[in-house]
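Note sheet for the following structure.
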Amino acid sequence: MSSQLRDFLPALPSLYMNSNLFVYGIPGFQLCYTVLFGSFASLLLIRTGHLTAPIAAHILCNFMGLPVPYSRRNGLVTVAFLAGVASFIWLLFPLTRHDLYNDRLESCSCWHGYCS
24 MSSQLRDFLP ALPSLYMNSN LFVYGIPGFQ LCYTVLFGSF ASLLLIRTGH LTAPIAAHIL
84 CNFMGLPVPY SRRNGLVTVA FLAGVASFIW LLFPLTRHDL YNDRLESCSC WHGYCS
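One gets our numbering by counting positions in the sequence shown from 1 and adding 23 to each.
Here's what the structure looks like:
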């Protein structure tokens with residue numbers, strides 16, 4: 024977590040370095056974000072049966088960074104954010120069906136029902 028915390032240091036003014044926001048808020052946010060992403064990566068691995076899906080999601084997440092939910096200058100950012108969240112929720116399970124990623128479903132005796 025400390026390697027991720029160093030990314031926030033240049034962005035924070037020196038006024039907030041000793042505040043409770045810096046001491047508890049940022050590590051707490053990082054912990055929540057890491058737990059959520061770990062759960063998502065685990066879901067991808069279990070649903071697809073391939074290690075490629077969580078690795079690709081991790082690469083994309085590292086490249087894109089944190090989402091911006093709103094902008095003071097333009098309301099289009101908020102609309103795009105909400106459309107992205109709705110699309111993600113709507114398409115998560117249909118696009119992670121194991122039959123899309125594996126065609127050997129009949130001869131598998133694994134606990135999850137598909138072999139890779």
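All C-beta atoms, glycine included, are put in the ideal place defined by N, C-alpha and C. This one's a predicted model, so the numbers in the text were calculated from it and none came from an experiment.
Taking Val91 and Val100 to be in contact with their CB atoms under 8 Å, please state how far apart those CB atoms are, rounded to whole angstroms.
On the sequence shown, position 68 is the one that residue 91 refers to. On the sequence shown, position 77 is the one that residue 100 refers to. Right, the Cβ-Cβ distance comes to about 6 Å (below 8 Å), so this counts as a contact.
Spatially closest choice to Asn125 from Phe86, Arg70, Ser62, by CA coordinates
Here residue 125 refers to the residue found at position 102 when the sequence shown is read from its first residue. Taking only the C-alpha atoms, the option nearest Asn125 is Arg70.
If contacts are defined as beta-carbon pairs under 8 Å, then Leu74 and Leu68 qualify, I think. What distance do you get, rounded to the angstrom?
Working through the sequence shown from its first residue, we reach residue 74 at position 51. Working through the sequence shown from its first residue, we reach residue 68 at position 45. Going by Cβ atoms, the distance from Leu74 to Leu68 rounds to 7 Å, so yes, they are a contact pair.
Exposed or buried, what is Pro77 when buried is set at 16 or more other beta-carbons lying within 10 Å of its beta-carbon?
Counting from one through the sequence shown, the residue named residue 77 turns up at place 54. Answer is buried; the Cβ neighbour count reaches 16.
How many angstroms separate the CA atom of Leu89 from the CA atom of Arg95?
Within the sequence shown, residue 89 is the residue found at index 66, counting from 1. Within the sequence shown, residue 95 is the residue found at index 72, counting from 1. Computed Cα separation, rounded: 17 Å.
If you run the structure through DSSP and keep just helix, strand and coil, what is Met125?
Taking the sequence shown and counting its residues from 1, the one referred to as residue 125 is at position 102. Correcting the residue identity first, residue 125 is Asn in this sequence and not Met. In this structure, Asn125 counts as coil in the three-state DSSP scheme.
How would you label Gly48, buried or exposed, when you count the other beta carbons within 10 angstroms and need 16 or more for buried?
As a first step, residue 48 is located in the sequence shown; it is residue number 25 there, counting from the start. Looking at its Cβ environment, which holds fewer than 16 other Cβ atoms inside 10 Å, Gly48 is exposed.
Any chance you could list the beta strand (DSSP E) runs of at least 3 consecutive residues sitting entirely within the segment 71-131, in chain order?
none
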